[in-house]
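Asks: Have a look at the structure that comes next, please.
There are 6 protein chains.
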Amino acid sequence: MDFENVDPIIHAALREDMPNGDITSESIISAKSQSEAIFLSREDGILAGIEVARRVFELIDSRIAFEKHLKDGKLFQKGTTLAKVQGPTVSILKGERTALNFLQRLSGIATTTRKYVDALAGTKTKILDTRKTTPGLRVLEKYAVRMGGGQNHRLNLSEMVLIKDNHLLHLKSIKEAVLKAREKVRPGIKIEVEVTNLAEAQEAVQAGVDMIMLDNMSLERMKEVVDWLRRKIPVEVSGAVGLEDIVSIASLGVDFISVGSLTHSYRSVDIALEFMSE
Amino acid sequence: MDFENVDPIIHAALREDMPNGDITSESIISAKSQSEAIFLSREDGILAGIEVARRVFELIDSRIAFEKHLKDGKLFQKGTTLAKVQGPTVSILKGERTALNFLQRLSGIATTTRKYVDALAGTKTKILDTRKTTPGLRVLEKYAVRMGGGQNHRLNLSEMVLIKDNHLLHLKSIKEAVLKAREKVRPGIKIEVEVTNLAEAQEAVQAGVDMIMLDNMSLERMKEVVDWLRRKIPVEVSGAVGLEDIVSIASLGVDFISVGSLTHSYRSVDIALEFMSE
Amino acid sequence: MDFENVDPIIHAALREDMPNGDITSESIISAKSQSEAIFLSREDGILAGIEVARRVFELIDSRIAFEKHLKDGKLFQKGTTLAKVQGPTVSILKGERTALNFLQRLSGIATTTRKYVDALAGTKTKILDTRKTTPGLRVLEKYAVRMGGGQNHRLNLSEMVLIKDNHLLHLKSIKEAVLKAREKVRPGIKIEVEVTNLAEAQEAVQAGVDMIMLDNMSLERMKEVVDWLRRKIPVEVSGAVGLEDIVSIASLGVDFISVGSLTHSYRSVDIALEFMSE
Amino acid sequence: MDFENVDPIIHAALREDMPNGDITSESIISAKSQSEAIFLSREDGILAGIEVARRVFELIDSRIAFEKHLKDGKLFQKGTTLAKVQGPTVSILKGERTALNFLQRLSGIATTTRKYVDALAGTKTKILDTRKTTPGLRVLEKYAVRMGGGQNHRLNLSEMVLIKDNHLLHLKSIKEAVLKAREKVRPGIKIEVEVTNLAEAQEAVQAGVDMIMLDNMSLERMKEVVDWLRRKIPVEVSGAVGLEDIVSIASLGVDFISVGSLTHSYRSVDIALEFMSE
Amino acid sequence: MDFENVDPIIHAALREDMPNGDITSESIISAKSQSEAIFLSREDGILAGIEVARRVFELIDSRIAFEKHLKDGKLFQKGTTLAKVQGPTVSILKGERTALNFLQRLSGIATTTRKYVDALAGTKTKILDTRKTTPGLRVLEKYAVRMGGGQNHRLNLSEMVLIKDNHLLHLKSIKEAVLKAREKVRPGIKIEVEVTNLAEAQEAVQAGVDMIMLDNMSLERMKEVVDWLRRKIPVEVSGAVGLEDIVSIASLGVDFISVGSLTHSYRSVDIALEFMSE
Amino acid sequence: MDFENVDPIIHAALREDMPNGDITSESIISAKSQSEAIFLSREDGILAGIEVARRVFELIDSRIAFEKHLKDGKLFQKGTTLAKVQGPTVSILKGERTALNFLQRLSGIATTTRKYVDALAGTKTKILDTRKTTPGLRVLEKYAVRMGGGQNHRLNLSEMVLIKDNHLLHLKSIKEAVLKAREKVRPGIKIEVEVTNLAEAQEAVQAGVDMIMLDNMSLERMKEVVDWLRRKIPVEVSGAVGLEDIVSIASLGVDFISVGSLTHSYRSVDIALEFMSE
């Protein structure tokens with residue numbers, strides 16, 4: 244977690260929730276009141292974002308002590324104390340919702356990712372995320388995917404060349420696309436191409452791509468390509484794939500399966516902040 | 244949609260996706276290539292965020308023409324053209340993912356909200372959202388709730404007093420809490436209290452609250468309170484409520500049901516950008 | 244005082260006064276020179292902004308010790324030591340003018356507010372401020388009003404509905420305006436209407452407003468309305484009211500008198516920074 | 244008026260007044276409603292800030308037409324139309340208060356400045372402002388002083404050396420202070436010293452200062468110094484000077500009188516926005 | 244040139260040069276004065292930054308017309324008109340120095356780069372830049388390198404793995420370093436290692452690196468490595484290399500030579516802005 | 244060094260080099276690894292920017308200890324340890340390039356400046372810089388000039404009036420230009436004029452300028468002007484002057500020679516970061 248990058252996101256969240264303070268807590272709770280409260284899981288899951296939660300409280304009030312009971316990436320069961328905060332009651336109440344908004348979402352992503360990763364246990368296939376992340380939260384959501392055991396696909400459009408169908412529409416051939424890219428981009432950049440059948444895969448490999456993506460193919464077609472491709476360069480399978488499909492795809496020996504729903508649709512994990520009785 | 248507020252969010256999303264440009268499109272597609280593409284729904288839903296999508300393209304390249312075919316809040320069926328973009332191919336490709344990331348999420352929230360709203364058709368009960376929104380996107384997500392037919396609860400902690408269980412733990416009584424709040428806050432601010440039974444509701448009303456929230460009560464207890472409360476001040480029901488529960492709750496005559504899952508867990512609606520063949 | 248909100252204002256003030264340092268102090272005073280200086284009042288007043296003054300010095304040089312002798316909201320007489328600063332001479336000189344610019348203005352507002360509040364001693368009527376504040380300093384000026392014993396009217400246009408004459412020009416009736424507002428705004432928002440006679444007041448109350456404002460009425464008209472209104476909802480009197488008028492208005496039993504001149508026109512209180520002889 | 248500098252100030256003012264829109268105007272006035280309104284003076288004054296008012300509306304809604312009837316620096320009488328705005332009613336209402344907050348304050352400063360300037364008509368003495376400006380608004384307030392016919396003293400601590408009593412406390416002599424400054428600062432920088440009697444003035448001039456400030460002296464002492472000084476370098480009189488004193492000071496032949504109250508204490512000029520009946 | 248990225252750099256440059264306007268031009272030249280001026284080369288060179296110069300004027304005053312006579316990347320001789328500006332004299336004078344500061348530096352980099360590129364004419368070896376760029380101007384300086392015919396090495400530390408001597412000090416072997424990197428980084432990332440002899444090069448290739456860097460080797464050692472390496476992966480030569488050395492290095496058949504001095508030390512090309520007589 | 248001003252420049256440099264971390268160091272070096280490294284000069288020079296280097300590491304990781312062995316402005320010889328850093332290896336590696344990019348450039352400017360200053364030893368003539376600085380780095384580059392023993396000319400266009408040939412083209416006479424400037428600008432501002440012969444110099448002095456600049460004159464012409472001018476006001480010589488010319492110019496008795504190449508063209512001094520063996 245690189246907090247220089249995350250601070251602006253947390254500040255934005257706090258400003259959005261408290262443009263002019265928390266008028267409830269500030270008006271009815273004494274500034275001197277001290278409390279202790281715990282983050283308690285109300286269902287099973289994989290933890291992600293505990294340091295973001297800590298940072299939320301640090302940015303609100305440096306007098307709050309935050310004690311982490313579990314590390315990101317760990318499995319927890321319903322009823323687990325994930326962390327403890329101690330300090331001025333008003334400050335804890337100000338951070339409660341924002342800390343939970345981060346923690347519940349990121350743990351939700353990690354928890355879902357883990358299900359995909361577990362389904363592939365025993366295979367060499369890895370789960371990748373996509374660029375279908377929430378605007379403004381990509382760094383955090385991709386971090387949550389890693390905490391769930393997944394790997395990250397490219398961070399952004401500046402980091403890797405990925406030639407997709409919407410690009411190929413405007414070019415004569417895969418070969419032309421790949422050669423143009425190779426000529427123009429920095430030598431340190433990898434090139435991946437999306438293909439839909441064996442002929443295209445062969446054209447791409449001959450043009451010198453570093454990685455290949457199979458998009459929305461049938462298992463048979465995939466097998467054909469993978470059998471020919473394997474050993475040469477890594478192969479990724481993409482497209483609307485559910486938990487049920489990925490085991491059979493993995494059995495073909497693909498290197499990566501990318502899953503958009505890890506980040507484009509997710510359930511928050513139910514975590515609560517409970518105050519200790521005094 | 245207030246674009247002064249939304250522009251920084253879009254800029255952040257674009258910077259996050261293109262810190263140094265789109266090396267794929269820029270290296271293989273001619274800067275002179277022009278295209279036309281449509282936003283096409285791949286499932287049914289309620290539209291939200293079409294103006295955000297438009298703004299994404301405007302901020303990338305003012306030469307892109309964006310023609311809206313449907314307005315936010317409208318129902319669409321699978322296969323509907325929601326909008327058309329026309330302009331430099333490279334610029335359209337740069338905005339594709341970011342525009343979809345907004346449009347799919349916001350439409351997802353609107354679509355889910357509409358299901359709750361439809362379930363209450365014929366009653367006077369209204370669906371409210373909560374502060375369980377994605378950090379940084381609250382304004383947009385609350386907008387999507389309105390597009391789905393819901394109403395917004397308070398925007399933030401500075402706008403309304405809402406005294407919850409975590410506050411009451413630190414005070415002697417509901418009465419003390421309400422009186423303190425009334426004395427301290429600006430006269431234009433409303434006060435709501437969360438209660439768990441009839442006695443508390445009565446104490447709150449006598450202390451002069453403007454609105455009351457019933458948290459995690461049984462239907463019987465709710466009925467008791469609502470029967471006594473009705474006609475005096477608005478009553479809101481909160482707590483983990485699914486689609487199945489809300490009809491029976493509404494039948495008690497409550498004014499509002501607030502639903503956290505509208506924004507804390509959601510499915511993106513499947514919308515694609517399809518290029519027209521030339 | 245919420246310093247996350249105030250820091251950007253102080254930084255802007257310091258940048259404006261020292262875009263490239265304090266060339267006088269830096270060129271003629273040794274970087275090793277240490278001093279002690281006091282904030283000394285040169286006339287009577289009510290203190291406001293002492294923590295802002297402290298923060299000015301903290302942001303310039305963390306080695307400066309700032310010792311507060313009086314708290315905001317307290318009355319001081321001419322010749323009172325309000326605070327003491329100790330530290331590098333150059334840094335104290337850099338902050339002198341900016342600290343005084345805040346302290347003199349905010350204390351000026353608090354001092355004037357106190358005169359209005361004192362004039363109403365023994366009545367139940369409270370002094371409110373308005374939105375006629377200095378651009379960029381609203382949060383601080385409204386804070387100063389509270390330190391003078393006043394209460395704050397709405398912070399901004401997003402927090403409360405206040406329907407004024409310039410709105411009513413565009414609507415058929417007060418009733419239409421109030422009903423439209425109630426239908427559109429969040430349930431946690433209060434609605435106030437400006438009225439000019441008893442009939443309008445009655446129309447507003449029947450439409451369900453939460454508060455009423457009497458604008459530029461004669462005492463007789465006000466009395467008529469207040470007599471009818473009292474007990475139902477709070478009533479505010481606005482318009483160009485001087486110290487001399489407010490006692491007779493308060494005697495009518497109104498809840499609030501709002502006074503624009505608290506913040507739109509004010510005298511700085513004369514406070515100086517005096518260095519102790521070494 | 245340099246609008247790149249002023250835009251951030253206006254944006255801050257608008258954000259402060261509308262963090263989430265104008266819920267009154269937006270909920271009760273049709274987005275299609277068009278209006279015409281005039282800025283009308285309710286007392287005599289000197290105009291300053293009319294272009295800031297124009298810019299407020301431009302930044303809110305580019306569809307608003309703003310027609311200026313008078314230029315900054317011009318005298319107006321009660322009842323004068325200063326400008327006309329035309330456009331969407333909701334947008335005009337959103338900008339009303341912010342535009343007036345700038346225009347009333349800046350015109351207040353210009354109006355007071357003009358009184359001082361007029362008092363000195365026929366003399367060669369000029370009115371200067373000070374650094375006692377409102378934090379964040381220095382550029383605008385100094386502009387208003389110019390519109391009132393005054394001249395600006397140094398903009399900030401980086402632009403000119405001004406050695407005052409609080410500096411001299413830490414040095415052996417005026418001579419030492421001036422020589423140190425001359426040695427350290429850029430050759431393009433002027434040096435001014437504050438003196439309290441003839442001997443100090445002579446020491447300063449011999450040390451080579453470019454300008455001299457007489458602080459809180461009696462008329463006799465001033466005369467002594469001015470008589471000796473005149474013809475050599477410009478002389479400025481500072482200290483708490485009211486309108487009544489400045490004529491006798493000017494008659495001594497000083498070049499400048501600086502007046503802190505131009506900006507540290509001021510009355511807003513009463514200007515209103517009046518909607519035209521339709 | 245991506246102007247969204249460049250605007251903040253230009254704004255910073257203009258703020259730094261005109262915190263409070265251009266007091267010379269504004270005080271002596273009429274706001275109505277119009278002029279025409281040309282950018283004239285006073286020595287030969289390669290153009291880079293002409294669009295940055297255009298943007299400087301656009302951001303100062305949209306009424307300035309800027310007509311480009313030559314495109315970036317083109318060779319010009321002494322006495323060539325590179326561009327013409329036409330518009331308000333004051334605005335042209337405000338932008339003169341800032342436009343030249345960009346244009347002279349970037350053309351300086353392009354001109355030097357071209358010398359290296361020309362020296363390698365007829366070979367397949369390409370000139371690369373490094374991360375030794377001016378803080379804040381990397382995007383522009385790397386653009387200038389491309390305009391001079393060079394290629395860009397990695398933009399930053401986030402884009403590519405480059406294992407150098409300072410890394411290897413902390414690891415057991417090149418092999419360990421490469422395997423660790425491959426395991427941890429995203430699959431779209433390339434890995435390069437710096438080696439100092441043939442054995443290290445062989446270890447690196449066996450560990451699966453994508454590119455190899457020869458640092459400060461003698462020609463003989465380089466030849467040994469290149470002979471063994473060629474045909475497998477690209478090879479880069481780095482270290483303090485002058486124009487005289489690169490031809491012999493290129494003759495070995497290396498793919499890239501990276502040259503730090505392209506950006507860490509450079510001469511501005513002499514370009515002037517000349518006003519046309521009226 | 245004023246770090247409030249410098250921090251944004253360092254942050255920009257770090258963001259530019261690490262938009263998403265240092266993927267090499269983070270993936271292969273243990274987060275627990277600690278190191279010690281020294282900044283070692285590889286050639287002679289004058290130090291400038293050592294506190295900027297310190298600040299780079301402070302902003303990356305507060306656990307890094309930075310021990311300065313030499314102060315800015317000091318001469319060092321090849322092989323000198325300039326500073327030592329100690330702390331987490333990964334954090335040191337992250338800051339290495341950015342710290343060097345600042346340190347090498349600023350020391351390069353100081354080193355060149357010192358050559359000019361040394362050439363003038365024994366004369367009273369001082370070396371001045373110009374506004375030909377790298378966009379965004381003016382404050383730092385002008386600081387480096389001072390460390391090399393030079394003096395700074397005006398910081399920016401807002402601080403001093405300097406009337407040059409491109410201004411005079413638009414005016415009737417030097418006299419008109421000077422009088423206009425004197426009338427319009429603040430009294431604390433100095434005025435300098437660029438002249439090309441004795442007659443112009445005389446006109447300027449009679450109009451009351453504070454300083455005069457001789458641009459591109461022959462030694463004979465300069466002598467004529469200097470002989471007449473001396474004793475009245477300071478005189479500066481500008482234009483393309485190399486080390487060889489300045490001694491003869493200084494011998495004429497001019498006060499300042501301004502040299503653009505100090506900042507528009509420079510060599511980085513070779514400084515390296517070397518890790519200590521463990």
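Sequence order for the protein chains is A, B, C, D, E and F. Last residue of the first sequence? That's 521 in our numbering, and every number before it is there in order. Last residue of the second sequence? That's 521 in our numbering, and every number before it is there in order. Last residue of the third sequence? That's 521 in our numbering, and every number before it is there in order. Last residue of the fourth sequence? That's 521 in our numbering, and every number before it is there in order. Last residue of the fifth sequence? That's 521 in our numbering, and every number before it is there in order. Last residue of the sixth sequence? That's 521 in our numbering, and every number before it is there in order. Don't be surprised by glycine CBs; every beta carbon is placed ideally from N, CA and C.
#1: Among the candidates D/R389, D/S334, D/H396, whose CA atom is the shortest distance from the CA of D/K358?
#2: In chain A, which residues lie with their C-beta within 7 Å of the C-beta of B/V428?
#3: State the CB to CB distance for the pair C/L371 and C/H396, rounded to an integer number of angstroms; the pair is presumed to be in contact (CB under 8 Å).
#4: Could you tell me which chain E residues have their CB closer than 7 Å to the CB of F/M261, listed as they occur along the chain?
#5: Mark A/A308 as exposed unless 16 or more other C-beta atoms lie within 10 angstroms of its C-beta, in which case mark it buried.
#6: Along the segment 428 to 447 of chain F, where does the CB come closer than 8 Å to a CB of chain D? Name the residues.
#7: F/V388 lies in the alpha helix (DSSP H); which residues open and close that run?
#8: Can you give me the Cβ contacts of A/E563 inside the same chain, cut-off strictly under 8 Å, excluding the 5 residues immediately before and after it?
#9: Shortest alpha-carbon distance to A/P477 belongs to which of A/F499, A/V484, A/N459?
#10: Name, in chain order, the residues that DSSP records as bridge partners for F/D458.
#11: DSSP state of E/A523, grouped into three classes?
#12: How about C/P477: is its C-beta nearer than 8 Å to some C-beta of chain B?
#13: Nearest CA to the CA of E/D514: which residue from E/Q394, E/S284, E/I271?
#14: Anyone know if the C-beta pair for E/K375 and E/H507 falls short of 8 Å?
#15: Determine contact between the segment 307 to 322 of chain C and the segment 288 to 299 of chain C, defined as no fewer than three beta-carbon pairs at a distance below 8 Å.
#16: Terminal residues of the continuous alpha helix (DSSP H) containing B/T506?
#17: Between the Cα of C/V360 and those of C/I289, C/R429, C/M465, spot the shortest distance and give me the residue it belongs to.
#18: Based on Cα-Cα distance, which residue from D/E279, D/A326, D/L336, D/Y386 lies nearest to D/I271?
#19: Identify which residue in A/D408, A/S520, A/V249 has its Cα closest to the Cα of A/I293.
#20: Quick one: list the residues of chain C neighbouring B/H410, beta-carbon separation under 9 Å, in chain order.
#21: What number of angstroms, rounded off, separates the C-alpha of D/V484 from the C-alpha of D/V502?
#22: Fully enclosed by the segment 412 to 449 of chain B, which beta strand (DSSP E) runs are 3 residues long or longer?
#23: For C/D304, which residues from the same chain have a beta carbon less than 7 Å from its beta carbon, with the 5 sequence-adjacent residues on both sides left out?
#24: Answer yes or no: do B/P251 and A/F345 have a C-beta to C-beta separation smaller than 8 Å?
#25: Using three-state DSSP, classify A/S305 as helix, strand or coil.
#26: Return yes when the Cβ of A/L380 is within less than 8 Å of the Cβ of A/A291, no when it is not.
#27: What does E/H396 touch in chain A if you count any residue whose Cβ is under 9 Å from its own?
Replies: Let me spell this out:
#1: D/R389
#2: I266, S270
#3: 4 Å
#4: N399, L400, S401
#5: exposed
#6: R429, P430, G431, I432, K433, E435
#7: 381 to 390
#8: Shown here, chain A extends from 244 to 521; a query on residue 563 of chain A therefore has no answer.
#9: A/F499
#10: F/S481
#11: Residue 523 of chain E is absent from the model: chain E starts at 244 and stops at 521.
#12: yes
#13: Correcting the residue identity first, residue 514 of chain E is Ile in this sequence and not Asp. When each option's Cα is compared against that of E/I514, the closest is E/S284.
#14: yes
#15: yes
#16: 504 to 507
#17: C/I289
#18: D/L336
#19: A/V249
#20: Simply none; closest approach about 16 Å.
#21: 7 Å
#22: 434 to 438
#23: G330, P331, S334
#24: no
#25: coil
#26: no
#27: R429, P430, G431
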